[in-house]
Each structure stands twice: as C-alpha cells, then as structure tokens.
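Below is one structure, written out as structure tokens, with a few remarks after it.
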Amino acid sequence: MPVVPIARTLAHVIDRAYRAYRANQAYENAKTAAELAQLAVEINERRKQIKNMLRATIEAMTREIDVKSSTFATVDRGGNSTASRRGKENLNFKEYIERKVPFRPAISQVCTVALQMPIKVPRRIRKKIAGDRVETTIEVALKQFTASLFFESVDEALEWRSPLKAEPNYNQSSQKALLGDPATRPKRFGSAIQPFWPRPRSLAPDLVVVEYRQEPFEIENVFAAVEIKFPGDWVKQTQINDYARLMRPKTGVNREKIGREKVALLRVPEDCTGPETDNKQPPTSKGAKNRR
149 MPVVPIARTL
159 AHVIDRAYRA
169 YRANQAYENA
179 KTAAELAQLA
189 VEINERRKQI
199 KNMLRATIEA
209 MTREIDVKSS
219 TFATVDRGGN
229 STASRRGKEN
239 LNFKEYIERK
249 VPFRPAISQV
259 CTVALQMPIK
269 VPRRIRKKIA
279 GDRVETTIEV
289 ALKQFTASLF
299 FESVDEALEW
309 RSPLKAEPNY
319 NQSSQKALLG
329 DPATRPKRFG
339 SAIQPFWPRP
349 RSLAPDLVVV
359 EYRQEPFEIE
369 NVFAAVEIKF
379 PGDWVKQTQI
389 NDYARLMRPK
399 TGVNREKIGR
409 EKVALLRVPE
419 DCTGPETDNK
429 QPPTSKGAKN
439 RR
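Numbered by this note's numbering, the letters in the sequence shown go through residues 149 to 440 in order.
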C-alpha cells in the first residue's frame, strides 16, 4: 500500500480515537457534575438533620454564650483509658484519653452519627472529598468529613459563636490562627463541597474547643485541641506532639506542660459518652461568666 494512504488511514484512526476519548471525557464530566450536584443536595439535607438533632444543644449554647467552656469540663469524666484498640494505646496515650473535654456528650453525638451514617459519596468523586493523600482509608476520611461538616453546621447556626470549631487552620511556625469573617469563623481554603482542605505548612486539629466563644480561636483562647479517631485510624505520637507544640505558649513557665495539657484524644466510639450527662449542670463559681 502506498505511504500516503497508510498515513491517511492512521490519521483517520487517531482522529476517531481522539473523538471517542473526548466523548467519553464529556460523559464522565457530565456524570461527575451530576453527582456533585446530588452530593451538594445530600450535604444540605444532612446539615439540616444535625441542626434538628442538636436543637436543644444549640439552644443551650445560645443561652450560655458568655460562660467559659472550662466551666463545663468539670462534669466530664474523661475518656475510657481501660479500652485499647491496638497494643498499649490506652497506656501510651492515657493522659490524652482521660483529658476532660467540655461538651463531650454533644461531641459524642455528632461523632456517633458520623460513624453510623457517614455522608454517601459516589465512588467517582470520593477523591474530591477525601483528597489525594489519604493517610488512612477513604471510608475513615468520609466519617471525619461528616463529623467536621456537622460541627461547622452547629457553628453556623450559632452565628460562628459555637465553642466547637471544626478543623481550624493554624500557621505551623507562627502559631497564628487563620481567621475568617467574622474572626470567630475558621477561614476555609477548599470548595463548597469540601471546605476542610488543610493549608500548606499549617496544622488543623480535628476539633478545637475555645474558652471564650465570642473571641477568635487563637491558641491563647483554646481550652482543648481534640484529635478524633474513628475505627481504623490509629493514634500517632508525632501527630499528638505536633498539636502539643502548636498549643505551647511562646513565653512563660511550664510551656511544654501547658501545650501538652491542651491536647485531648477522643476515640469513636470508645471515648464517647451518652446523653445522660447532658442533664448535669456544671457547678457555678464566682466569675464564671466574667470576661477577661
């Protein structure tokens, strides 16, 4: 066969293959767009669900807006350091497991729902939610995403004055919080579907409990940085150390101790508590409602 007809035939084959590829890409993009739209609808419905589920908690937090979070830590029994998922986890991280965390029942309720009914994400777009560098599994990442979304929904319902801040970013070197608008709102760098992307060279604890709810979540105003671990996500000493360094004051005495004591570990479901503790009132003390 002459060279020219062969070249024409190859060009025709390549052109058809390219057109088929483009058609397939268009189909995939259309499917992805449709699934993202459906996911946005589900996320919106789940946000409404958690707001209704935690209506009493949200109303209580609204009434107690000026009460220091540390006041509520006094009624917490801490986590279950007798339970271990692997090895000597309960002994190696005992102080972080037993740390008193304010609002543990509400935190537990959110995490339990996220564990049992994580937001369903089509396989095609799971990476858009979980990210390209998932250290555990996509299933674990989706549970964490669901919990963070729920905590953020509560914060939004309280006009960003919730004591519970989901995955706020802190500059790792300066320790400064990356504040949004208003300053009590964490600044986000992700998309509307997945807002919790970490900023490069930053640290983002799973949950931060602030002391004063109407002030920014700078480390001076953090009562506890809570590392949440769902089944299959193991505790890492390096991660705990990073958060302890992040929470360490820049000046003063016992800086290492203070930073370490601000870090708490909550394993789901081992360290979760039931709603029976919700009815317990924190002891009132003189100046509990005073501002700094």
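For glycine and all other residues, C-beta sits at the position ideal for the given N, C-alpha and C.
Item                                                                                                                : Value
Entirely enclosed alpha helix (DSSP H) segments - the region 194-253, minimum 4 residues                            : 203-211, 218-221, 237-240 and 242-245
Three-state class that DSSP yields for Val282 in the structure shown                                                : Because the pLDDT at Val282 is just 49, under 50, the model does not fix this residue reliably, and the value given afterwards should be weighed accordingly. The answer is coil: DSSP assigns Val282 none of H, G, I, E or B.
Alpha carbon of Ser350 to alpha carbon of Asn319, nearest angstrom                                                  : 5 Å
Proximal residues to Glu300 (C-beta, below 6 Å), its chain only, five neighbours per side dropped                   : Ala314
Per-residue DSSP class, three states only, for Ile341                                                               : coil
Buried versus exposed call for Thr332 [16 or more other C-beta atoms within 10 Å across all chains shown]           : buried
Contact set for Lys291: own chain, Cβ-Cβ below 7 Å, skip 5 residues either direction                                : Ala262, Leu263, Pro266 and Phe378
Cβ neighbour criterion (16 or more within 10 Å) applied to Gln342                                                   : buried
Straight-line gap, Asp390 to Ala185 (C-alpha atoms, nearest Å)                                                      : 37 Å
Beta-carbon proximity list for Val230, same chain, < 7 Å, skipping 5 on both sides                                  : The sequence given here places Thr at residue 230; Val does not occur at that position. Once the five neighbours on either side are set aside, the close Cβ partners of Thr230 are Asn238.
Through-space distance from Val258 to Lys196, alpha-carbon basis                                                    : 13 Å
Nonlocal neighbours in the same chain, by C-beta distance under 8 Å from Arg281, ignoring five residues either side : Its pLDDT being 44, under 50, Arg281 is placed unreliably by the model, and the measurement read from it follows with that caveat. For Arg281, where only same-chain residues beyond five positions count, there are no Cβ hits under 8 Å.
Entirely enclosed alpha helix (DSSP H) segments - the region 335-404, minimum 4 residues                            : 385-394
Between the CA atoms of Ala305 and Ile105 - distance to the nearest angstrom                                        : The question about residue 105 has no answer, for the chain in this structure spans 149 to 440.
Buried/exposed call for Thr210, threshold 16 Cβ in 10 Å                                                             : exposed
C-beta contact flag for Arg415 and Ala392 at 8 Å                                                                    : no
Whole-angstrom distance between Ala373 and Met201, CA atom to CA atom                                               : 24 Å
Three-state secondary structure (DSSP) of Lys291                                                                    : helix
Cα-Cα separation, Asp419 to Leu413                                                                                  : 8 Å
Continuous beta strand (DSSP E) stretch holding Arg415: start and end                                               : Val411 to Arg415
Distance between Ala181 and Lys248 (C-alpha atoms, nearest Å)                                                       : 44 Å
Between the CA atoms of Leu394 and Lys384 - distance to the nearest angstrom                                        : 16 Å
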